[in-house]
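In the numbering used here, the protein residues as written are 6 to 498. Beta carbons are placed, not taken as given, at the ideal position from N, Cα and C, and that holds for glycine. This structure is a prediction, so every number in the text was calculated from the model and none was measured.
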Amino acid sequence: MQQELSTSTGESGYPRVTIAHGDGIGPEIMAATLKILDAAGAKLAYDTIEIGEAVYLRGQTSGIDQSSWDILRRNKIFLKAPITTPQGGGYKSLNVTVRKTLGLYANVRPCASYDPVVATAHPGMDIVIVRENEEDLYAGIEHRQTQDAYQCLKLITRMGCEKIVRYAFEYARSHGRRKVTCLSKDNIMKLTDGLFHKVYDEIGAEYPEIEKEHLIIDIGIARVAKRPTDFDVIVTLNLYGDILSDVVAEIAGSVGLAPSANIGEKCAMFEAIHGSAPLIAGKGIANPSGLLLAAVMMLSHLGQGECAAKIHNAWLKTMEDGVHTGDIYVPGTSKEKVGTDGFADAVIARLGQSPSILPKAKVAAEVPMNLDFSHLKDRPKEEKTLVGVDIFVNFDGDPNELGDRVTALGNEDVSLVMITNRGVKVYPGGVPETGTSDHFRCRFMKSDSLANLPHGHIVDLLKKFDAAGLDFIKTENLCLFNGLPGFSLGQGQ
Ligand code: NAD
């Protein structure tokens, strides 16, 4: 199924694609990719924007100018070479910013092994990783809360889970895939990863023809690394998917081979999964395949599936003929070692040809961008009941001393039930073996006589903490949703 897209078009009537040449090896692999697209007759018009290191270093900490955002939003389709994020604080990752600003919720990373033409320990691997792209620890909300403790917020929403899980199943259905595996760590993170797993079960039930399997992420990644042929489509959260896709790309043969598509409801971005590889930049030896295959995904996405298949087949034939860049060159298996440009010329020379050993690429089906998520805004409101508060404090000292001081701040309406340090209960009844930092959580719960804890009680409690000279850092409300707790117990509680 080819889709119709409302993209911007140039004078030629061709869709306008935003191009960024990027940093490091970016300009070399982009030049090779554009040369192949032109030779294959891709019907595209380009607008080039500058992003990355040069923009960061002239003081734009986001790595992108406002004028570039305007072009990105107008064109809606973005082909991006890798960029370098300067080391050190103060620079936000542009990749993450672009994905989130343009609402690119699905990161789709197909990873196949190309045995016997590219050396791999895992012949027959053909995995597609569908990674959540906007949430999780990549919300980028971090705080230093005490001298000792730093926090990164893991933010998961039902909306984010539903979008990515729906996309994964729609992808599997439209691409004739047999199975969708969900990877999460819901044995530990019961609320956040637990929600992801729950949504997977709910939505998966609507796809009876597709095999379903959930694995805990640690054993899941281990199994993927050992027996990748057991897997087909994998759907997972942002951080796990980031790690997993590099593992899978590397065991396929080289990180230089894998493309990715970042899909949103209105925009899409296509890129290689690797970075700017500064150590080999300027040498003309980088493998352009990741970016080229990303451009192939982009062509399919734009409804130019025939052209996409033509390039893909020429690329497969080049690989099959043993014309390899240094990262995958193996004497004996490979026939000719080429640089970036030589590889592009070899692909161009094979346009119109198809592989005879590797499976021939077909005109790929695409998942429509316009999946309907409107119901997510109209869900019935759950009944929310405030039943307590966690007050986090910066405290240097003995948990029992803190416990006695904080217990005295409660009253008949709201009282201290426990104190934890790094999640484990240290008061009442803590043991001296537990290591403690200067970061404590004091959990107060309402008495049974109150139906709902008025917010004013929390404000009063904080005033008392302040008056008692206790340095509170933050609070988290403890709520029931339709009567079910929206908070985890302390370890040992
Ligand atoms: P990297 O992916 O750039 O390099 C990892 C290894 O793979 C290196 O040995 C490199 O030489 C090799 N490699 C990568 N691409 C290759 C290719 N096309 N051909 C041949 N060999 C290739 O990862 P890194 O070194 O951790 O990161 C370098 C920079 O890239 C950092 O500034 C990082 O922030 C950035 N980065 C950008 C993106 C992106 O723009 N999407 C993604 C990841 C990293």
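1. Starting from the C-beta of residue 6, find all residues in its chain whose C-beta is less than 8 Å away, skip the five residues before and the five after it, and write them out in chain order.
2. Closer than 8 Å to a non-hydrogen atom of the ligand NAD - does that hold for the CB of residue 249?
3. Would you tell me roughly how many angstroms separate the C-alpha atoms of residue 283 and residue 200, rounded to the nearest one?
4. Is it the case that the Cβ atoms of residue 281 and residue 30 are separated by a distance below 9 Å?
5. Are three or more beta carbon pairs between the region 329-341 and the region 60-76 nearer than 8 Å?
6. Would you be able to state if there are at least three C-beta pairs under 8 Å between the region 475-483 and the region 387-406?
7. Which value, in whole angstroms, describes the spacing of the CA atoms of residue 10 and residue 304?
8. Are residue 495 and residue 441 close, meaning C-beta to C-beta below 9 Å?
9. Give the DSSP bridge partners of residue 429, in chain order.
10. Who pairs with residue 301 in a beta bridge, going by DSSP?
11. Tell whether a beta-carbon distance below 9 Å holds between residue 134 and residue 296.
12. Run the CB neighbour count on residue 59, radius 10 Å, all protein chains shown included, and call it buried at 16 or more, exposed below.
13. Three or more C-beta pairs under 8 Å: does that hold for the region 97-108 against the region 33-51?
14. Does the region 115-131 come close enough to the region 248-266 that 3 or more CB-CB pairs lie under 8 Å?
15. What is the residue span of the beta strand (DSSP E) that residue 41 lies within?
16. What whole-angstrom Cβ distance do residue 161 and residue 110 have, given they're in contact under 8 Å?
17. Answer yes or no: do residue 324 and residue 185 have a C-beta to C-beta separation smaller than 9 Å?
18. With a CB to CB cut of under 8 Å and the five nearest residues on each side skipped, what residues in its chain are close to residue 365?
19. Looking at residue 284 and the ligand NAD, is the gap between the Cβ and the nearest heavy atom below 8 Å?
20. Within its chain, find whatever has a CB closer than 6 Å to the CB of residue 502; leave out the 5 residues flanking it on each side and keep chain order.
21. For a test of the three-state rule: what should DSSP assign to residue 378, helix, strand or coil?
22. Within 10 Å of its beta-carbon, does residue 61 have 16 or more other beta-carbons around it, so buried, or fewer, so exposed?
23. Under a Cβ-count criterion, where at least 16 other Cβ atoms within 10 Å of its own Cβ denotes burial, should residue 460 be classed as buried or exposed?
24. Using a threshold of 9 Å, state whether the C-beta atoms of residue 188 and residue 244 are closer than that.
25. If you draw a straight line from the alpha carbon of residue 8 to that of residue 455, how long is it in whole angstroms?
26. Between residue 276 and the ligand NAD, is the CB less than 8 Å from at least one heavy atom?
27. For residue 78, write down the residues that DSSP places opposite it in a beta bridge.
28. Secondary structure at residue 239, three-state DSSP: helix, strand or coil?
29. Quick one: give me the first and last residue of the beta strand (DSSP E) that residue 397 is part of.
30. Just to confirm before moving on: does the CB-CB distance between residue 452 and residue 419 stay below 9 Å?
31. Using 10 angstroms around the beta-carbon of residue 363, count the other beta-carbons present and answer buried if the total reaches 16, otherwise exposed.
32. Please state whether the Cβ-Cβ distance between residue 105 and residue 138 is less than 9 Å.
33. Following a CB-centred definition, is residue 252 positioned closer than 8 Å to any heavy atom of the ligand NAD?
34. For residue 273, count the other beta carbons within 10 Å of its own beta carbon; 16 or more makes it buried, fewer makes it exposed. Which is it?
35. Does the count of Cβ pairs from the region 400-417 and the region 436-450 closer than 8 Å reach three?
The structure says:
1. Residue confidence for residue 6 is low, a pLDDT of 34 falling below 50, so the modelled location carries little weight and cannot support an answer.
2. no
3. 39 Å
4. yes
5. no
6. yes
7. For residue 10, the predicted model reports a pLDDT of 47, less than 50, meaning its position is unreliable; a value from the coordinates is still stated below. Cα to Cα, the separation comes out at about 12 Å.
8. no
9. According to DSSP, which records beta bridges pairwise, residue 429 is partnered with 426 and 496.
10. Answer is none; residue 301 lacks a bridge partner.
11. no
12. When all chains shown are included, residue 59 counts as exposed.
13. no
14. Counting Cβ pairs under 8 Å, three or more are found: they touch.
15. Segment 31-44 is the alpha helix (DSSP H) holding residue 41; no beta strand (DSSP E) there.
16. Residue 161 to residue 110, Cβ: 13 Å. No contact.
17. no
18. Within the same chain, residue 365 has close Cβ partners 318, 321 and 359.
19. Correct: residue 284 has its Cβ closer than 8 Å to the ligand NAD.
20. Any property of residue 502 remains undetermined from this structure, which presents the chain solely from 6 to 498.
21. Residue state, collapsed to three classes: coil.
22. buried
23. exposed
24. no
25. Its pLDDT being 41, under 50, residue 8 is placed unreliably in this model, and the value from its coordinates should be taken loosely. Distance between the alpha carbons of residue 8 and residue 455: 56 Å.
26. yes
27. BP columns for residue 78 are empty, so no partner.
28. strand
29. First-last of the beta strand (DSSP E) with residue 397: 389-399.
30. yes
31. Counting every other CB atom within 10 Å of its CB across the protein chains shown gives residue 363 a total of 16 or more, marking it as buried.
32. yes
33. No, the beta carbon of residue 252 sits no closer than 8 Å to any heavy atom of the ligand NAD.
34. Counting Cβ neighbours within 10 Å, residue 273 comes out buried, since at least 16 surround it.
35. yes
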